[in-house]
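A.B. asks:
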């Protein structure tokens, strides 16, 4: 098992600080952000930024397993405005290439908030967009890992329609709680289908409050037993709350999940 943490909002604005602190705490990898509406400011967007990411990744011996496409929660693939949908595709095609250059194998494709998959029409738009993006992802060896609030069966139908080996699901065990889903059962379903790309680790309450690990409504015994039972042995990425004491809190939360997922 490998353990990562999202970089965005956890370690300040300096990416080197994020790599250094995450490495010192004991993480194996860092999830790189693609969140800003002003996307050209993101390091992952430019060749120079990718070079910088590779430099600090090597310096601190920390992998970059994934890129968080949080920007798509605001200007995404299901949007009612066709120009927004076209922009989302254009940016994704560019992002796929940059992630490949950086050695990042998975892009989290987010469908939350204004871009949630709340209707058949929105799902249709998302499927159409992924059909355009998937061949580029295939050619670069990058997985497009879908994350949102629909259930596992809905993801499987979408992936079946997209019909590309580049597609997967990024499952968040915390979001499952407030979305009213059975996280452990969903993990098993996605694993059996061979589309479980990566797992986000966070604790949440049924009324959608982000909590420190062990203080929300996630059934951690059931979740961690399932992770071990299905033989998942890739990245568990912490998306835990921001903290005024990141070294202490993130170290505690890393230990919390590590001791429950070591076979």
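In the working numbering, the protein residues as written are 36 to 298.
Each residue gets a CB set at the ideal place from its N, CA and C atoms; glycine is no exception.
On a predicted model such as this, the values are computed, not experimentally measured, just so you know.
1. Spatial neighbours of residue 80 within its chain, please: C-beta separation below 6 angstroms, excluding the five flanking residues on both sides.
2. Return the residue from the list 42, 255, 204 and 69 that minimises the CA-CA distance to residue 57.
3. Are three or more beta carbon pairs between the segment 231-249 and the segment 287-295 nearer than 8 angstroms?
4. Any contact of the segment 186-193 with the segment 233-241, i.e. 3+ C-beta pairs under 8 angstroms?
5. Looking at the secondary structure, which residues open and close the alpha helix (DSSP H) in which residue 274 lies?
6. Which first and last residues belong to the alpha helix (DSSP H) in which residue 207 is found?
7. So is residue 226 buried or exposed if we call it buried at 16+ other beta carbons inside 10 Å?
8. How about residue 111 and residue 150: are their beta carbons less than 7 angstroms apart?
9. As an exercise, report each continuous beta strand (DSSP E) stretch of at least 3 residues that is fully enclosed by the segment 147-191, in chain order.
10. If you draw a straight line from the C-alpha of residue 91 to the C-alpha of residue 54, how long is it?
11. Among all the DSSP beta bridges, which residues are the ones paired with residue 245?
12. Could you tell me whether the Cβ atoms of residue 235 and residue 173 are closer together than 7 angstroms?
13. Which residues bound the beta strand (DSSP E) around residue 100?
14. Could you check which residue in 272, 83 and 296 has the C-alpha nearest to that of residue 103?
15. With a Cβ-Cβ cutoff of 7 angstroms, do residue 64 and residue 39 count as a contact?
16. Mind checking which residues open and close the beta strand (DSSP E) that includes residue 44?
17. Whose C-beta lies closer than 7 angstroms to the C-beta of residue 95 among residues of the same chain, with five residues either side of it excluded?
18. On the three-state DSSP scale, how would you describe residue 109?
19. Where DSSP assigns a beta bridge to residue 40, which residues make up the other side?
20. By Cβ distance below 8 angstroms, which residues in the same chain neighbour residue 87 in space, the five residues on each side in sequence not counted?
21. Answer yes or no: do residue 108 and residue 69 have a C-beta to C-beta separation smaller than 7 angstroms?
C.D. replies: Let me spell this out:
1. Stepping through the chain shown from its first residue, residue 80 is reached at position 45. Only 74 meet the Cβ criterion.
2. The residue given as residue 57 occupies position 22 in the chain shown. If we check each option's Cα against that of residue 57, 42 comes out closest.
3. yes
4. no
5. Your numbering for residue 274 matches position 239 in the chain shown. That residue, residue 274, is in no alpha helix (DSSP H); it is neither H nor E in DSSP.
6. Position 172 of the chain shown holds residue 207. It is not in any alpha helix (DSSP H) - residue 207 instead sits in the beta strand (DSSP E) that spans 202-207.
7. As a working mapping, residue 226 is identified with position 191 in the chain shown. With 16 or more Cβ atoms within 10 Å of its Cβ, residue 226 is classed as buried.
8. Your numbering for residue 111 matches position 76 in the chain shown. Your numbering for residue 150 matches position 115 in the chain shown. Result yes, Cβ atoms of residue 111 and residue 150 sit closer than 7 angstroms.
9. 178-183
10. Looking up residue 91 in the chain shown gives position 56. Looking up residue 54 in the chain shown gives position 19. Roughly 7 angstroms between the two C-alpha positions.
11. The residue labelled residue 245 in the question sits at position 210 within the chain shown. DSSP output for residue 245 lists 239 as bridge partner(s).
12. One-based indexing of the chain shown puts residue 235 at position 200. One-based indexing of the chain shown puts residue 173 at position 138. For residue 235 and residue 173, no; Cβs fall outside 7 angstroms.
13. Locating residue 100 in the chain shown gives position 65, where the first residue counts as 1. Residue 100 -> no beta strand (DSSP E), and no H or E assigned at all.
14. Residue numbering aside, residue 103 sits at position 68 when the chain shown is read from its first letter. Cα-wise, what sits closest to residue 103 is 272.
15. In the chain shown, residue 64 corresponds to position 29, counting from 1. In the chain shown, residue 39 corresponds to position 4, counting from 1. Yes, Cβ-Cβ distance for residue 64 and residue 39 is below 7 angstroms.
16. One-based indexing of the chain shown puts residue 44 at position 9. Per DSSP, residue 44 belongs to no beta strand (DSSP E) and is neither H nor E.
17. Start at 1 with the first residue of the chain shown, and residue 95 comes out as number 60. Taken in chain order, the residues that qualify are 54, 55 and 58.
18. What you label residue 109 is simply residue 74 of the chain shown in a count that begins at 1. Looking at residue 109 - three-state DSSP - the assignment turns out to be coil, as it is neither helix nor strand.
19. Locating residue 40 in the chain shown gives position 5, where the first residue counts as 1. 65 and 273.
20. Numbered from its first residue, the chain shown carries residue 87 at position 52. Result list for residue 87: 50 and 78, in chain order.
21. In the chain shown, counting from the first residue as 1, residue 108 sits at position 73. In the chain shown, counting from the first residue as 1, residue 69 sits at position 34. Their beta carbons are not under 7 angstroms apart, which means residue 108 does not touch residue 69 by this criterion.
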